[in-house]
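Undergrad: Residue numbers for the sequence shown follow this note's numbering, so the first one is 1 and each next one is one higher.
This is the structure I want to talk about, given as structure tokens.
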Amino acid sequence: MQLGLGAIHTPDDETLQFVRQLGVPNVILHTPELRGDGHWEFQDLVRLRTRIEAAGLTLYAIESIPGHFYDKVRRGEPGRDEQIEKVCQTITNMGRAGIRVLGYHFIVDGTVWRTEYSPRGRGGAKVTIYDHAQVANAPTHAHGTFTDEQVWDNLTYFLKAVVPVAEQEGVMLALHPDDPPVPSIGGVARIIRSLDAYKRVLSIVDSPANGLEFCQGTVAEMDHTPEEIYDAIRLFASQGKIAYVHFRNVDRTVPHFAETFIDEGRIDMLKAMRCYHEAGFKGVFIVDHTPGVVGDTPWGHRGRAYGIGYIKALIKCVSECDG
Numbered sequence: 001m002q003l004g005l006g007a008i009h010t011p012d013d014e015t016l017q018f019v020r021q022l023g024v025p026n027v028i029l030h031t032p033e034l035r036g037d038g039h040w041e042f043q044d045l046v047r048l049r050t051r052i053e054a055a056g057l058t059l060y061a062i063e064s065i066p067g068h069f070y071d072k073v074r075r076g077e078p079g080r081d082e083q084i085e086k087v088c089q090t091i092t093n094m095g096r097a098g099i100r101v102l103g104y105h106f107i108v109d110g111t112v113w114r115t116e117y118s119p120r121g122r123g124g125a126k127v128t129i130y131d132h133a134q135v136a137n138a139p140t141h142a143h144g145t146f147t148d149e150q151v152w153d154n155l156t157y158f159l160k161a162v163v164p165v166a167e168q169e170g171v172m173l174a175l176h177p178d179d180p181p182v183p184s185i186g187g188v189a190r191i192i193r194s195l196d197a198y199k200r201v202l203s204i205v206d207s208p209a210n211g212l213e214f215c216q217g218t219v220a221e222m223d224h225t226p227e228e229i230y231d232a233i234r235l236f237a238s239q240g241k242i243a244y245v246h247f248r249n250v251d252r253t254v255p256h257f258a259e260t261f262i263d264e265g266r267i268d269m270l271k272a273m274r275c276y277h278e279a280g281f282k283g284v285f286i287v288d289h290t291p292g293v294v295g296d297t298p299w300g301h302r303g304r305a306y307g308i309g310y311i312k313a314l315i316k317c318v319s320e321c322d323g
């Protein structure tokens, strides 16, 4: 099992030095700013990878293509075939550039919803909070309403087109669940809201390229018991379906939850780490979001360093202490 640092848009010298100083070998870039009319160019992806390798690090994955690259796909609108063709070109270029994982979401409106960011965390740390009562009367989305069936049909259409290309090029597609995992907001269904939804995704196209970006934080927000979540970790990890993990915690489930420090919350993180280890998981853990601690930067250097240290200790514990 490996460490990574994500939520990096631009791999500048200072950021890459920070990654090295933490003893983290892998970088996961989040929607890097690359040129391209609806797709990313091969040469730009090569430059991106070699830029990170020159710093002594590995570009493990890219998380998220720009939303406008496939917004018509998610909505099932005319023009989606042209967008899918360009997404396939991006996947092809990634594979040939030596970048093996592409994280993505299938949230129709592309929005991760939170209703509050306030100092309600431990010691007055700022944390994000979601209270569904605050958005229950949200106005209808600008593009209208979307049912579960419509969004599942759109996702199925997309996967059947892109997964064969990804498999051919040696790229794993890794789906992030809908955050928050509620049935709908503003009349727009949010379909990846349960562990059964993840299982359904994997059944649509049986391929090593059809995988999961296992956001344990979002999964912890779902209406599942901790034991059900530990079982899911064992299942998906043993199947080789988890590309990488967002390793964070929350205090409770939907409809009202707050993010927490990694060492508190409803999930026993040591037990979760043991589940990954026992299932033979070889992928990467990143901290994802972290609470805002006193004196931190907008990006959260202090919070991320704390989370990385905690994950590093858990990996060492289960790898060496447990055998």
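Even for Gly, the Cβ is constructed at its ideal location relative to N, Cα and C.
Closer than 8 Å is the cut-off here; do at least three beta carbon pairs connect the stretch 43-51 with the stretch 92-100?
TA: Judged by Cβ distances under 8 Å, the stretch 43-51 makes contact with the stretch 92-100, as three or more pairs qualify.
Undergrad: Is DSSP giving S203 helix, strand or coil here?
TA: Here S203 sits in helix by DSSP.
Undergrad: By how many angstroms is the C-alpha of D12 removed from the C-alpha of R200?
TA: About 39 Å.
Undergrad: Counting pairs of Cβ atoms below 8 Å between the stretch 145-159 and the stretch 69-82, do you hit three or more?
TA: The stretch 145-159, when compared against the stretch 69-82, does touch it at the 8 Å Cβ threshold.
Undergrad: Can you grab the Cα-Cα spacing for the pair G4 / K316, in whole Å?
TA: Approximately 15 Å between the Cα atoms of the pair.
Undergrad: Starting from the C-beta of R49, find all residues in its chain whose C-beta is less than 8 Å away, skip the five residues before and the five after it, and write them out in chain order.
TA: So the list reads L59, A97, G98 and I99, once near-sequence residues are dropped.
Undergrad: Can you round the beta-carbon distance between I192 and V135 to whole angstroms, since I take them to be within the 8 Å contact cut?
TA: Not quite, the Cβ-Cβ distance comes to about 18 Å (not below 8 Å), so this is no contact.
Undergrad: With three or more beta-carbon pairs closer than 8 Å as the criterion, would you say the stretch 266-286 touches the stretch 235-255?
TA: The stretch 266-286 vs the stretch 235-255: in contact.
Undergrad: Could you work out which residue in E320, R304, S319 and N154 is closest to Q21 when comparing CA atoms only?
TA: The residue with the shortest Cα to Cα distance from Q21 is R304.
Undergrad: Bridge partners of D131, per DSSP?
TA: Answer is H256, bridged to D131.
Undergrad: Can you list, in chain order, the residues of its chain whose CB lies under 7 Å from that of H132, leaving out five sequence neighbours each side?
TA: Excluding residues within five positions, the ones whose Cβ falls inside 7 Å are V182, V254, P255 and H256.
Undergrad: When we look at the beta-carbon of E149 and count the other beta-carbons within 10 Å, is it buried (16 or more) or exposed?
TA: It is exposed - the Cβ of E149 has fewer than 16 other Cβ atoms within 10 Å.
Undergrad: So, helix, strand or coil for Q239, using DSSP?
TA: Q239 falls in the coil class under three-state DSSP.
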